Amino acid sequence: MNTTPSMTLERERTDAAASGPRAEPKPATGSFQTYQPRIEVTSPLGERTELPGRYGEILTPEALAFLAELHDRFAHTRHELLAVRLQTRVDAANGRDPKFLPETEWIRNDPSWRVAGAAPGLDDRRVEITGPTDRKMAINALNSGAKVWLADQEDATSPTWPNVIEGQLTLFDFVRGNLEYTSPEGKEYRVTAGETPTIVMRPRGWHLVEKHLRFHDRAGRAMHASGSLVDFGLYFFHNAQRLIDAGRGPYFYLPKLESHREAKLWNDIFVFAQEALGIPRGTVRATVLIETIQAAFQMDEILYELREHCAGLNAGRWDYIFSIVKTFRSRGRRWVMPDRKSITMTVPFMRAYTELLVATCHKRGAHAIGGMSAFIPNRRDAEVTERALAAVAADKRREAGDGFDGTWVAHPDLIPTARAEFDTVLGDRPNQVDRLRDDVEVTAAQLLDIPSIGGEVTEAGVHDNISIAIRYLESWLRGTGAAAIDNLMEDAATAEISRSQVWQWLHDNTVTAEGTRIDQTSIVRIMAAAVAELPRFEGDRFDDAISVFRTVALEPEFPTFLTVGAYARFL
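Counting in this note's numbering, the sequence shown runs from 84 upward without gaps.
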C-alpha cells in the first residue's frame, strides 16, 4: 500500500501518565509551508475497558496513515457537501420543494445501464438482522440464522470512544475466527452457527465527527476526523482482504445520503481504497439507505453514481419520516403529522416512496431491501409477543408482496416470522430482482402528499414522544444505542421523530384532539408528567437526557440531528 501521510499515535493513558514527546510534522518543500497530513489520537487507548491493551491493534501506524490519506483526499469534498445540505434546508424552509432533477433526467430515462448487483454472500438477503457491534450482540446476530448482519456503527450504536474502537475489534476478531465474550455474570458467548450471516457494515453518516481522532491537514489546521471515514477506513483496512479470502467481501450500508453527489463521494472513496490496498476495483458493495426526502427524488442518480459498487437500496423508514418532519417543520399546518403511531407504511406518501424504491431498484438490477418494524417480542410476556409477531408478519407480507427482495428485523426471535413471509413469495429463488414493477408511476406530488395521512395529534401522543425521547437519550448517554422501550425497538432515528414532532407541534401551535393548544405552558405540564414517571436509578443519566431534550425539542433553533450536540457535550 502506498500511503504518504504520516501520523502520530499519542498514547494518553487513563491513569494520566505522561505520554512520550510527539514529533512535530516536518514542513514540505515549496514556496508555501505545507505539512504532511496526519491523524492524531487524542483519547486513551482503553487500558480500563473490557479489552485492555487492544486498541493499538486497530489504531496501528499503518491504519492511521490510511485514515490520514482518506481525509487528505476526501475531507474537503465532505465539507462542501455538508454546506450544500445547509443550503438545501434553507431552500426548503423558504418554500422550495424537492423535485426530480431536470439536469439528470437523461440518467432516469436511459434504460441501458445497470448496477453491479449482488456479490458473494449477497444474492439472498431475505432476512437481515440489525444491531450494534458490541461483542454480545454481535455473537447473537451471527448465531441468529439471518442471511445478513447489518453491523451498525451508526444509529444503533452510541458513539462513545470504547464503542467505536471495540466495535472495530469485534469485527476484527470475528473475521479472524477469534470472537468470544464472557459476561460479568460469567456466561460465555461463542459463534456456533455453521453458516453465519454476511456482514454489511454501516459507518456513521457524513454529518458526524470522531472527536477522539484529530486530522491535521496540509495547512497545519487541526479538526475532528470524519466519523464516516474513520468507521469505513478502519474496517476496510483491517478486514477487506480477509473477507475476500473467506468468500465474502467488504460490504457497506451507506446512511443519511441526501444527494447523488454524496453517493459519488462514496464511490470515489471505494475506488481509492481498493487501489491503495491492491484490491480489484469493483469488489466493494454498497447498499444505500433511502432515508431522506431529498434522496427519494434521486434514487436513479444515486444508483448511477455507485453503479460499479452498488448492490441495492434500503427503505429506511424511520429516518425518512424524520427527514420529512425536519425538512418541512416550519412550512405550516399542511406539513404537520399526527401522532407517531399513526404514521404507518400504508399511508399514501409512504406507499409511494416504497413502490418507487422497488421499481427503481429492479429496473437497474439492484436489490430492494425493506425496513425495520419497531415491534419486538418479550419473552416474559406472551401477549406482547403475540402482538409483535402479528404486526411483523403483516409488515413483511406487504413488503414481500410489493417486490422487496429482503427485509430487516431487530430481534432474533423475529427471523422465523419474517423468513416465512418471504419464503412464501420467493420459494427457492434467492430474490425477485427480475420482477419489474412497470406498473409503478410515482409523482413528486405523491411523495409529498403529507395531508393524506390523516390522523390526530393527541395529548397522549405528545406525552409518549417526550417520554420515549428522554428515555432513549438516557440510554444513549450511557452507551447503549438501541433500546427496548414500551415493547418497541428505539434507536436514534425513532428518537429523532419523537423530538422533531414535539418541536413542530410546539412551533406550529398545534391543537390536540382534546382541544389543548401545544405551547410552552402545556408542554411544561405534559413534560413534567412524563419526567415524574421516569424509572430513576443510581447512576442514571436522566438529568442530562432532559437537558438534551430541552435543547433539541423546545428551543427556537432546530438542531439538524440530536446526536451532534449531545456527542459534543457528553461523549
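We put the CB at the ideal spot given by N, CA and C, even for glycine. In this text, all values refer to a predicted model and were calculated from it rather than measured experimentally.
Once DSSP output is grouped into helix, strand and coil, what is the label at residue i?
i      : result
Ala99  : Any reading at Ala99 must be qualified, since the residue scores a pLDDT of 30, below 50, and its modelled position is unreliable; the value itself is stated next. Residue state, collapsed to three classes: coil.
Asn570 : coil
Arg554 : helix
Ala636 : helix
Gly655 : The structure shown does not extend to residue 655, since the chain spans only 84 to 654, so no value can be given for it.
Leu617 : coil
Met332 : Looking at the sequence provided, one finds Gly at residue 332 rather than Met. Gly332 falls in the coil class under three-state DSSP.
Met284 : strand
Gly489 : strand
Pro203 : coil
Leu645 : helix
Leu164 : helix
Phe432 : helix
Lys339 : coil
His494 : coil
Arg172 : helix
Val408 : helix
Phe30  : Limits of the chain in this structure are 84 at one end and 654 at the other, which puts residue 30 out of reach.
Ala224 : helix
Phe315 : helix
Ile352 : helix
Asp382 : Per the sequence shown, the amino acid found at residue 382 is Met instead of Asp. Residue state, collapsed to three classes: helix.
Gln357 : helix
Pro534 : helix
In the DSSP assignment, what residue or residues form a beta bridge with residue i?
i      : result
Ser309 : Val292
Pro215 : Asp235
Leu396 : Val371, Ala451
Trp588 : According to DSSP, Trp588 bridges with nothing at all.
Phe458 : Leu571
His299 : Arg121, Ala305
Thr265 : Glu271
Val594 : Arg600
Val475 : None, per the DSSP bridge assignment.
Gln210 : With the sequence shown as reference, residue 210 is identified as Val, and Gln is not the correct amino acid for it. According to DSSP, Val210 bridges with Thr490.
Just mark residue i as buried or exposed, buried being the case when its beta carbon has 16 or more other beta carbons within 10 Å.
i      : result
Asp155 : buried
Lys270 : exposed
Val545 : buried
Arg652 : exposed
Leu262 : buried
Glu638 : exposed
Ala305 : exposed
Asp488 : buried
His445 : buried
Ala106 : Its pLDDT being 41, under 50, Ala106 is placed unreliably by the model, and the measurement read from it follows with that caveat. Exposed: under 16 other Cβ atoms inside 10 Å.
Asn192 : exposed
Gly484 : exposed
Pro280 : buried
Ala302 : exposed
Ser195 : exposed
Asp478 : buried
Asp626 : exposed
Thr410 : buried
Throw me the rounded Cβ distance for the residue i and residue j pair, which I believe falls under 8 Å.
i      : j      : result
Leu291 : Phe432 : Not confirmed; about 28 Å, so no contact.
Tyr272 : Lys219 : 6 Å
Ala229 : Ile601 : Ala229 to Ile601, Cβ: 41 Å. No contact.
Pro657 : Asn223 : Residue coverage of the chain in this structure runs from 84 to 654, which leaves residue 657 outside it and unanswerable.
Gly316 : Leu153 : 5 Å
Ala575 : Thr646 : 6 Å
Phe257 : Ala201 : The Cβ separation is near 22 Å, so there is no contact.
Ala176 : Ser535 : Going by Cβ atoms, the distance from Ala176 to Ser535 rounds to 23 Å, so no, they are not a contact pair.
Val198 : Ala449 : 5 Å
Ala636 : Trp559 : No, Ala636 and Trp559 are not in contact; Cβ-Cβ is about 15 Å, not under 8 Å.
Val492 : Ile212 : 6 Å
Leu348 : Arg161 : 7 Å
- [ ] Would you be able to state if there are at least three C-beta pairs under 8 Å between the segment 393-410 and the segment 439-455?
- [x] yes
Open item on the list: Within 8 Å, do at least three Cβ pairs link the segment 368-375 to the segment 385-396?
Closed with: yes
Open item on the list: I want to know whether the segment 170-189 touches the segment 344-355 - three or more CB-CB distances under 8 Å.
Closed with: no
TODO: Say whether the segment 577-594 touches the segment 412-430, bearing in mind that this needs 3 or more beta-carbon pairs closer than 8 Å, one atom from each stretch.
DONE: yes
Task: the segment 501-520 touching the segment 540-557, judged by at least three CB pairs closer than 8 Å - done: no
Open item on the list: Is it the case that the segment 509-516 contacts the segment 566-584, given that we only count it when at least three CB pairs across the two stretches are under 8 Å?
Closed with: no
Task: At least 3 beta-carbon pairs within less than 8 Å: the segment 317-328 vs the segment 383-392 - done: no
- [ ] Assess, as a yes-or-no matter, whether the segment 424-439 is touched by the segment 466-476 under the definition of 3 or more beta carbon pairs within less than 8 Å.
- [x] no
- [ ] Inspect the CB distances between the segment 332-351 and the segment 281-288 and report whether three or more fall short of 8 Å.
- [x] yes
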